Structures are given as C-alpha cells and as structure tokens.
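Novice: This note's numbering puts the first residue of the sequence shown at 17, with every later residue one more than the last.
For glycine and all other residues, C-beta sits at the position ideal for the given N, C-alpha and C.
Quick caveat: nothing in here was measured; it's all calculated off a predicted structure.
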Amino acid sequence: MRISEITALSLRDFITGIVLFSVISLLAYFYRDARLNNPAGITGDAGSIVFIYEREDLDGLVGLFNEAEIQFDEPRFRWAAHIYGWRNFLPGRYDLTGEQTYESVLRIFGNGLQTPGNVTIHTGQWEERFIQRVSAQMRFTEEELFEALRDTAMLDKHGLQQHHVLGRMLPNTYEMYWTSTAEQFIDRMLAEFDRAAVQPYAERYEELKMSVDQITTLASIIEWEARYDHEKPKISGLYWNRLNNRWRLQADPTVSYAIGERRRLFNRDYQFDHPYNTYRFFGLPPGPINNPALSSIRAALFPEDHDYFFMVATPEGVHTFTRTYADHRRESRKWQQYIREQTAIRQQREREAALREEMNENGSGNGNEQQAMD
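Structure, rendered in structure tokens:
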C-alpha cells in the first residue's frame, strides 16, 4: 500500500472519529440538558410553600421538599446540584407551586430569591395579641418583636414614645419578605401609616389642633366601641362633645384596658386607679388602647356633628344615642334588662345541658352493668 493511500485512510479515520466524537458529545449534552432543564423536574401543588429558617445544605433542602410533599426525582435533583455546584441554600419563604426545572429551583434557593408573602395586621388588637399574630406570620420571634417595639434607637428615629407605636400598626394585608427583621417590619408599618393616615390629612390635624397620636388614641376607643363602620363618626362626635365640654370621656374600653381584661365591667372596675381609666381622669388616655382601622382614624378626624353625650349598646350590636342623662338612664335600664334575660337563658341552657349529660352518664353506666351481668 502506498504511503499516500495510508495517509488518506488515516485522515479519513481521523475525520470519522472527530465526527463520531462530536455526535456523541452533542447527544450527551442534549441528554444532560434535557434532564437538567426538564420543565416538570420539580412540581408543587397550589400553595406548596417551603420555609428555610437557617442556611441548609443539600440534605436539609431535600428533607424540606419531602416534608412539603414536593414531587421531584431525588437522585436527579442531587445530580443537578452536583453539576451546577450548589451546596448551600439561604433562608426564606419559597413558593414552589407549579412546574420548574432543577436548575431554576437550585438557583432560586441558592441565591435566596424568595417569594414575598402576605402579612395581615388585624384590627383592634392589644399589644400581646398583635405580637403573637404578626410573629406567627414572620421569621422573627415574639420576643424579637416585643423588644423591637421598645427599642430606643427606633423610637428616637421616628420621634415616638413606646406607648404610641401600637396605634400606628395600621390594619391591612401587606406584601413583604418573610425574612424581614422585626425592625424592618416596624419601619415598614410606620411608613405605611404615614402614607395612609398622616400625609392625606395633614391639614385636618392642624385644623383640630390635635397630634397624630392624640387622634390615634381617640380612634382606638372608637374602634373598640363600634361594631360597624357606619356608626363610627357618630361615636366620634359623642366623644368630641365630651372633650369640648370638658367632661370626662368615661369610655368603657379604657377601663377594660386598664384592668387588662375583656369582660363585663362592674362598679368596682370604674374606680380602678390607672392612667388609662377615663372615668377617673380627664382628657384622652396616654396612648391608644389598640391599633385602630383607618375608618376609625377618619371618624376621629371627621366626627358627626350632633348634640349627643350618651350612648348605650343594643341587642343589634349598635348603640342608642341620647342627649340627657335621664334619657341615658332609661335606655341603660333596657339594656340591663336584656342582659339579665340573656344571662338567665344561658344559665337555663347550661343547667339543661348538665342534666342531659348526667342522664347520659347514668344510662351508659346502667348499660355497662347489664352487660357485665350478662
């Protein structure tokens, strides 16, 4: 065989080898790419949320996926993490609803690209309940939020006193990151309050010659008193009438706040010596007794113009308003009679329920005795 023929054969084999190698490499690439970028690599049902509290390794992440019942091929997922070099995953709230590729999920968890969540601030809460409910929706603890609400640096930054902060936690549902600190949460809430309850009404505060915290304090009393928004301006007008005529507010919610219990009040409660007891002290209490809704703040700013000074609750959940104390006493007697009747009905039902339970226990006992004799 000639040298030229040998050379041509070697070149042809070389080219064939190159082509085969390229084809195999391309096939391997597309196979790997298909496995890594399978759009249904990881599938979560609607509302499939994974929470990472502290930095997790791959084993920890796989465990969280299994707890959340995420659908995925664990060996392939581990292989993908090895290929892409992801070893550690950051704290956060991650929404895995729908279908995603291994690569995208690893990138999201590895870079901490968490999904914002909704945080709901409920209306008319005392501080303890407020702290419990908010902390249950966030990564920070109740203790961390409690301390943040009293942090002197935070109070100085916003020019607030500690007993005024709760009143500015405006009820609503907000979107924020689960990993936000307690300090970041408070800063956000104060900014939201300023945007919704201060800036739009700046001139009105000036007209009334009332500070934001004074209005918020009055609004918190209105919030407690009113079951329905439409009644709030009328309740506000009543308290404004008392303030303008230098009466004591005599607001029952402030007494409940002072004694630290939500229950029916007794005569002795109204004598309780506490700065928030508006039956003993003139003017507004030192601060809000809850976090009022924006509708209550508006009612405090824009009270209904009337000459009512008294009100008493009704069975329908609203109030009867009166101008004189004599009329108020008459309506109060009606309410007290209703309370007595309802108490009697409840007690009768409790007695009947106890009697039925006793009869059931006796009947059950007799049956057991008969069964034993048999």
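Which term fits Gln177, buried or exposed, when burial requires 16 or more other beta carbons within 10 angstroms of its beta carbon?
Specialist: By 1-based counting over the sequence shown, the position of residue 177 is 161. The residue is exposed, with fewer than 16 neighbouring Cβ atoms inside 10 Å.
Novice: In this structure, how does DSSP classify Gln178 when only helix, strand and coil are distinguished?
Specialist: Locating residue 178 in the sequence shown gives position 162, counting from the first residue. Here Gln178 sits in helix by DSSP.
Novice: Any chance the CB of Asn283 is under 7 Å from a heavy atom of the ligand NAD?
Specialist: The ligand NAD is not among the ligands present in this structure, which contains no ligands whatsoever.
Novice: Give the DSSP bridge partners of Ile237, in chain order.
Specialist: Numbered from its first residue, the sequence shown carries residue 237 at position 221. Bridge partners of Ile237: none, in fact.
Novice: How would you write the range of the beta strand (DSSP E) that Met327 sits in, first residue to last?
Specialist: Translated into the one-based positions of the sequence shown, residue 327 becomes position 311. From DSSP, the beta strand (DSSP E) with Met327 extends over Phe326 to Ala329.
Novice: Alpha helix (DSSP H) containing Tyr190: first to last residue?
Specialist: For the purposes of this step, residue 190 is taken as the residue at position 174 of the sequence shown. No alpha helix (DSSP H) holds Tyr190; the beta strand (DSSP E) holding it covers Asn188 to Met192.
Novice: Kindly list the residues whose CB is nearer than 7 Å to the CB of Leu122, restricted to its own chain and excluding five residues on each side of it in sequence; keep chain order.
Specialist: Here residue 122 is taken as the residue at index 106 of the sequence shown, counted from 1. Closer than 7 Å at the Cβ level, and outside the excluded window around Leu122, lie Ala96, Ala97, Tyr100 and Trp102.
Novice: Report all residues from its chain with a CB closer than 8 Å to the CB of Glu199; omit the five preceding and five following residues, and keep chain order.
Specialist: Residue mapping note: residue 199 aligns to position 183 of the sequence shown, counting from 1. Only Ala164, Asp167 and Met170 meet the Cβ criterion.
Novice: With burial defined as no fewer than 16 other Cβ atoms inside 10 Å of the residue's Cβ, what is the status of Lys10: buried or exposed?
Specialist: Lying before the first or after the last residue shown, residue 10 is absent from the chain, which here runs from 17 to 390.
Novice: Please give the ranges of any beta strand (DSSP E) in the stretch 244-280, keeping only runs that are unbroken, at least 3 residues long and fully inside the region.
Specialist: The stretch 244-280 contains no whole beta strand (DSSP E) run of 3 or more residues.
Novice: Please classify Pro308: is it buried, with 16 or more other beta-carbons within 10 angstroms of its beta-carbon, or exposed?
Specialist: In the sequence shown, counting from the first residue as 1, residue 308 sits at position 292. By the neighbour-count rule (16 or more Cβ atoms within 10 Å), Pro308 is buried.
Novice: Excluding five sequence neighbours on each side, which residues of the same chain lie with their C-beta closer than 6 Å to the C-beta of Asn257?
Specialist: Translated into the one-based positions of the sequence shown, residue 257 becomes position 241. Counting only Cβ-Cβ distances below 6 Å, and skipping sequence neighbours, we find Phe325.
Novice: Compute the distance between the beta-carbons of Leu129 and Ser64, then report whether it is under 8 Å.
Specialist: Reading the sequence shown from its first residue, position 113 is the one you call residue 129. Reading the sequence shown from its first residue, position 48 is the one you call residue 64. Their beta carbons are not under 8 Å apart, which means Leu129 does not touch Ser64 by this criterion.
Novice: Expressed to the nearest angstrom, what Euclidean distance is found between the alpha-carbon atoms of Thr197 and Leu161?
Specialist: Here residue 197 is taken as the residue at index 181 of the sequence shown, counted from 1. Here residue 161 is taken as the residue at index 145 of the sequence shown, counted from 1. Approximately 9 Å, taken between the alpha carbons.
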